[in-house]
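Here is the structure we will look at.
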């Protein structure tokens, strides 16, 4: 049977042996293809406009919707990295990022240099770490305000600040609603080539009073490690023992009338146990410390990679000092020290509980 | 009704300011002074704007003008001083910007000694601030100035001139307002007065964020400062900020050539040997300055009306100021 015969409506006669005439479905498939082609062609052809149909004005739908950041911006060539990022992130992740950066209204950078595009790429990488390397478990998101500003005070550990990146990733991936946590970074990191650019593009800020004040007035979440550099250079024997706190976070909390949310991070202190801090070498190289770990400097830069330890992030009940004390209390060093000590004790308790639970589980 | 003396009116900002003052109903007369012959753009404004050619860097020129019959007839009561905005793209000021310190000092002294002059508005730069480590440094008006002995000569001149004007902020009958403008974007897509955007070597691994502002918005801010009731220091910038690399691409300028930080000392020596300023080591090449403009918004009512956009990519990248508000 030819195609012409099928098109003319012919087909195998009823009662005939279908197997003797090849594939009996072919005529029906050809007819189906023709029908579908006709439907598509008709749909593409615009209907003829009647003479009475004049072009109408666009309906008034009110003010235009603020422009959301476009991750498929033609201005920036979508390279291999962006395609890879697209594979790693889900639609839900992209929506969450769009919520965070929607306030930019099309601006490529926010006032602290954060770029939605770079943040998206970074999130794809840190999501891998979050889910598969550190296998982060987090709890207590309900205490994080949905829109208001707050200071997150956390314990610090590990040589490289993966604890900070995991809290930031947790804020985006698990926050209800998603919040961009702004980590206050040490000034020393701001002077490092490439690092200073990366931190700024992913929304992290250098630890100056001006920056913190601006963030809190903009109702952002500010992550502060009150232990400072002492937290990440403590030896393995001292892990999960909180060092003395800097007091600036309590002062800023009182001045800007925001709560302090204690955050316990368990796992960071195990990711790269510090055996010795070679201070003379650090001074020679202009570094704040020079770590000796079981793998560094034995394996070179690879030795700085964190061990795949399981992370646990817990958000505790907020301290609302600003409801109990006036803003002038920030100028009283004794009161501020007392309040900071309360926060330190709470975080230490939260950390101890989780470390004990881990040890019991292992035993 | 104000009667205003505007210095360096032939500069890009001065040109915008002349137009704004011409259309301002609260300004009765403008006397513009500049180094060049009368600019042609002033021709349509002759009914309200008079021009006088003089070199402010020369004390004799300034003295003879201030004691002239012409100045007495003008009955000037306000002065807008644009000392640094005379730097045109790709052009250096004869004698360098440090000569402007002396002209600013002389002008301020003359204004203080004349009770008829009530207001003094000075256009400074945000690069007077000290740049701290970090890709972005959000600074407000009370930030320390960059008293860096090894800094850029132009920047040191701006700081000195800024300090001279600051001296009149308190306890002086002259109501002084200092506007510190971010990198100024001209109508033609060029930049004014931005040390990080000048050609030359820069350390690798740094791409500081910079505040920008349209020249039209700067002119608006100057007019607002002229009529403001409160003296003080105010930052002027648009809402947008950009990394240095993007701004450089938009004007297709060569450099800065990225060099390893360790080579910084050697490069500085080479630059000095070639008679150039050792710009490589200045903090502005590594650390960004982004200004907080809240005070200008609250006190002067300044809200930028032009949105700065960088469009295109690579060689086709260009910068544009788009009216949006």
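Protein chains in written order, with our numbering: chain A, 3 to 365; chain B, 239 to 563. Note that the Cβ used here is the ideal one computed from N, Cα and C, for glycine as well.
Pairwise C-alpha distance: residue j and residue i
{"i": "residue 245(B)", "j": "residue 270(B)", "result": "6 Å"}
{"i": "residue 250(B)", "j": "residue 430(B)", "result": "9 Å"}
{"i": "residue 342(A)", "j": "residue 189(A)", "result": "22 Å"}
{"i": "residue 316(A)", "j": "residue 217(A)", "result": "23 Å"}
{"i": "residue 370(B)", "j": "residue 559(B)", "result": "29 Å"}
{"i": "residue 282(A)", "j": "residue 543(B)", "result": "55 Å"}
{"i": "residue 481(B)", "j": "residue 198(A)", "result": "12 Å"}
{"i": "residue 547(B)", "j": "residue 479(B)", "result": "10 Å"}
{"i": "residue 359(A)", "j": "residue 268(A)", "result": "11 Å"}
{"i": "residue 381(B)", "j": "residue 525(B)", "result": "15 Å"}
{"i": "residue 130(A)", "j": "residue 470(B)", "result": "51 Å"}
{"i": "residue 160(A)", "j": "residue 127(A)", "result": "19 Å"}
{"i": "residue 336(A)", "j": "residue 549(B)", "result": "54 Å"}
{"i": "residue 351(B)", "j": "residue 385(B)", "result": "29 Å"}
{"i": "residue 256(B)", "j": "residue 206(A)", "result": "42 Å"}
{"i": "residue 170(A)", "j": "residue 408(B)", "result": "46 Å"}
{"i": "residue 534(B)", "j": "residue 352(A)", "result": "45 Å"}
{"i": "residue 149(A)", "j": "residue 254(A)", "result": "18 Å"}
{"i": "residue 56(A)", "j": "residue 115(A)", "result": "With a pLDDT of 48 at residue 56(A), under the threshold of 50, the modelled position of this residue cannot be trusted; read the value that follows with caution. Taking the straight line from one Cα to the other gives about 49 Å."}
{"i": "residue 175(A)", "j": "residue 364(A)", "result": "29 Å"}
{"i": "residue 346(B)", "j": "residue 87(A)", "result": "58 Å"}
{"i": "residue 361(A)", "j": "residue 274(A)", "result": "18 Å"}
{"i": "residue 125(A)", "j": "residue 89(A)", "result": "12 Å"}
Endpoints, the alpha helix (DSSP H) within which residue i is located
{"i": "residue 545(B)", "result": "Unbroken run through residue 545(B) is the beta strand (DSSP E), 544 to 549; no alpha helix (DSSP H)."}
{"i": "residue 463(B)", "result": "453 to 465"}
{"i": "residue 319(B)", "result": "It is not in any alpha helix (DSSP H) - residue 319(B) instead sits in the beta strand (DSSP E) that spans 316 to 319."}
{"i": "residue 233(A)", "result": "231 to 234"}
{"i": "residue 314(A)", "result": "Residue 314(A) -> not in any alpha helix (DSSP H); beta strand (DSSP E) instead, spanning 314 to 317."}
{"i": "residue 215(A)", "result": "211 to 219"}
{"i": "residue 294(B)", "result": "Per DSSP, residue 294(B) belongs to no alpha helix (DSSP H) and is neither H nor E."}
{"i": "residue 480(B)", "result": "First-last for residue 480(B): 479 to 481, but that is the beta strand (DSSP E), not the alpha helix (DSSP H)."}
{"i": "residue 185(A)", "result": "Premise fails: residue 185(A) lies in the beta strand (DSSP E), 183 to 187, not in any alpha helix (DSSP H)."}
{"i": "residue 202(A)", "result": "197 to 203"}
{"i": "residue 524(B)", "result": "Here residue 524(B) belongs to no alpha helix (DSSP H), and DSSP marks it neither H nor E."}
{"i": "residue 139(A)", "result": "No alpha helix (DSSP H) contains residue 139(A), which is instead part of the beta strand (DSSP E) from 139 to 141."}
{"i": "residue 300(A)", "result": "No alpha helix (DSSP H) holds residue 300(A); DSSP gives it neither H nor E."}
N-terminal and C-terminal residue of the beta strand (DSSP E) that residue i is part of
{"i": "residue 102(A)", "result": "Note, residue 102(A): premise wrong, no beta strand (DSSP E); alpha helix (DSSP H) at 93 to 103."}
{"i": "residue 325(A)", "result": "From DSSP, residue 325(A) is part of no beta strand (DSSP E) but of the alpha helix (DSSP H) over 323 to 326."}
{"i": "residue 241(B)", "result": "240 to 245"}
{"i": "residue 313(B)", "result": "Looking at the DSSP string, residue 313(B) is not in any beta strand (DSSP E), and its letter there is neither H nor E."}
{"i": "residue 115(A)", "result": "Neither: residue 115(A) is in no beta strand (DSSP E) and is coded neither H nor E."}
{"i": "residue 341(A)", "result": "No beta strand (DSSP E) holds residue 341(A); the alpha helix (DSSP H) holding it covers 335 to 364."}
{"i": "residue 268(B)", "result": "265 to 272"}
{"i": "residue 414(B)", "result": "413 to 419"}
{"i": "residue 362(B)", "result": "357 to 363"}
{"i": "residue 238(B)", "result": "Past the boundaries of the shown model lies residue 238(B); chain B is included only from 239 to 563, so the question cannot be answered."}
Proximity below 7 Å, CB of residue i to CB of residue j
{"i": "residue 468(B)", "j": "residue 537(B)", "result": "yes"}
{"i": "residue 289(B)", "j": "residue 276(B)", "result": "yes"}
{"i": "residue 564(B)", "j": "residue 456(B)", "result": "Limits of chain B in this structure are 239 at one end and 563 at the other, which puts residue 564(B) out of reach."}
{"i": "residue 313(A)", "j": "residue 136(A)", "result": "yes"}
{"i": "residue 209(A)", "j": "residue 224(A)", "result": "no"}
{"i": "residue 152(A)", "j": "residue 261(A)", "result": "yes"}
{"i": "residue 300(B)", "j": "residue 321(B)", "result": "no"}
{"i": "residue 390(B)", "j": "residue 520(B)", "result": "yes"}
{"i": "residue 460(B)", "j": "residue 318(B)", "result": "yes"}
{"i": "residue 238(A)", "j": "residue 300(A)", "result": "no"}
Cβ shell of residue i (< 6 Å), same chain only, five flanking positions each side left out
{"i": "residue 259(B)", "result": "265 and 268"}
{"i": "residue 173(A)", "result": "181 and 183"}
{"i": "residue 247(B)", "result": "256, 270 and 272"}
Residues near residue i in its chain [Cβ-Cβ closer than 7 Å; skip 5 each side]
{"i": "residue 279(B)", "result": "253"}
{"i": "residue 227(A)", "result": "156, 158 and 233"}
{"i": "residue 297(B)", "result": "344"}
{"i": "residue 117(A)", "result": "110, 111 and 203"}
{"i": "residue 339(A)", "result": "249"}
{"i": "residue 98(A)", "result": "174 and 180"}
Cβ shell of residue i (< 8 Å), same chain only, five flanking positions each side left out
{"i": "residue 316(B)", "result": "240, 241, 242, 243, 355, 356, 357, 358, 359 and 464"}
{"i": "residue 383(B)", "result": "366, 367, 368, 397, 400 and 401"}
{"i": "residue 101(A)", "result": "179 and 180"}
The segment 177 to 184 of chain A / the segment 423 to 439 of chain B touching (three or more Cβ pairs under 8 Å)
Touching, no, given that fewer than three Cβ pairs across the two stretches are closer than 8 Å.
So, does the segment 294 to 302 of chain A touch the segment 140 to 154 of chain A, judging by three or more C-beta pairs under 8 Å?
Cβ pair count under 8 Å is below three, so no.
Okay, do the segment 284 to 291 of chain A and the segment 299 to 318 of chain A touch, 3+ Cβ pairs below 8 Å being the bar?
These segments do not touch.
Touch test, the segment 334 to 350 of chain A against the segment 192 to 206 of chain A, Cβ-Cβ under 8 Å, three pairs minimum:
Fewer than three pairs of CB atoms, one per stretch, sit closer than 8 Å, so the segment 334 to 350 of chain A makes no contact with the segment 192 to 206 of chain A.
Answer yes if the segment 161 to 172 of chain A comes into contact with the segment 434 to 445 of chain B, meaning at least three C-beta pairs across the two stretches below 8 Å, and no otherwise.
The segment 434 to 445 of chain B, when compared against the segment 161 to 172 of chain A, does not touch it at the 8 Å Cβ threshold.
With 7 Å as the limit, tell me which residues of the segment 448 to 461 of chain B have their beta carbon closer than that to any beta carbon of chain C; keep them in chain order.
Of the protein chains in the structure, A and B, none is chain C.
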